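Quick notes on the structure that follows.
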Amino acid sequence: MNDLESRLRGFEPPVAPPVLPDSDVSFTSTDTPVGRLVLAATEAGLVACSYRPEEEVAERLARALSPRVLRSPRRLDPVRRELDAYFAGTLRRFTIGVDLALARPFARQVLQAVAAVPYGDTTSYGQVARGIGRPRAARAVGGALNANPVCVVVPCHRVVASDGSLHGYAGGLPAKRLLLALEQRPAGS
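So the number in the numbering used here is just where the residue sits in the sequence shown, counting from 1, plus 184.
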């Protein structure tokens, strides 16, 4: 018996490799008709759907939520499937959970109100402000929507000026126009 054989005698390899814990935040990117979106999720739900660059989003997530931010595309497959269906015109209401951990308290209130705006409808900044009991806060509503961490899924694109004109959108006004036009098409077309 050689030296290696004698050292291996009685050695039993582990039954299974060790399992590493999941990340606190998983992220990936996906291409859409309105541009590349960075998606991130926590156990609570989708925490980011952003037009910002991946590195910027990952850094924000690490600072605000947890340093355990890992690229994990598979965990975001349900989100991508719903986005694909939305852009195909077959999904009118997202069912994925949303985690507003990146939004401040006032912004959460605004985003929750905006989430209730039906597909194909629009509302104004002033109407949102009145709806949350802050009738003089239309400008602050605009600021909160500008910082929406979950664009498209929380439909800040459905908020327009009181005269119907379009103002500001994280993905740019062409993206806002495209989203609004998409929602005006008959289902499945």
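Glycine included, every Cβ here is placed at the ideal spot set by N, Cα and C.
Note that the structure is a prediction, hence the values are computed from the model and not measured.
Three-state secondary structure (DSSP) of residue i
i, result
"phenylalanine 211", "strand"
"leucine 286", "coil"
"arginine 244", "helix"
"valine 312", "helix"
Cβ pair residue i, residue j closer than 8 Å
i, j, result
"valine 334", "leucine 230", "yes"
"threonine 212", "serine 250", "no"
"alanine 322", "tyrosine 309", "yes"
"leucine 350", "leucine 357", "yes"
"valine 218", "leucine 362", "yes"
"leucine 284", "leucine 267", "no"
"aspartate 208", "arginine 252", "yes"
Euclidean distance between Cα positions of residue i and residue j
i, j, result
"glutamate 238", "glycine 315", "34 Å"
"alanine 246", "alanine 313", "31 Å"
"glycine 326", "tyrosine 353", "10 Å"
"glutamine 293", "alanine 324", "12 Å"
"aspartate 261", "threonine 306", "29 Å"
DSSP beta-bridge partners of residue i
i, result
"threonine 378", "Outside the shown range of the chain (185 to 373) lies residue 378, about which nothing can therefore be said."
"leucine 254", "Ser210"
"valine 334", "Cys233"
Original post:
Which runs of the beta strand (DSSP E) spanning at least 3 residues fall entirely within the stretch 215–242, listed in chain order?
Top reply: 219–226 and 229–234
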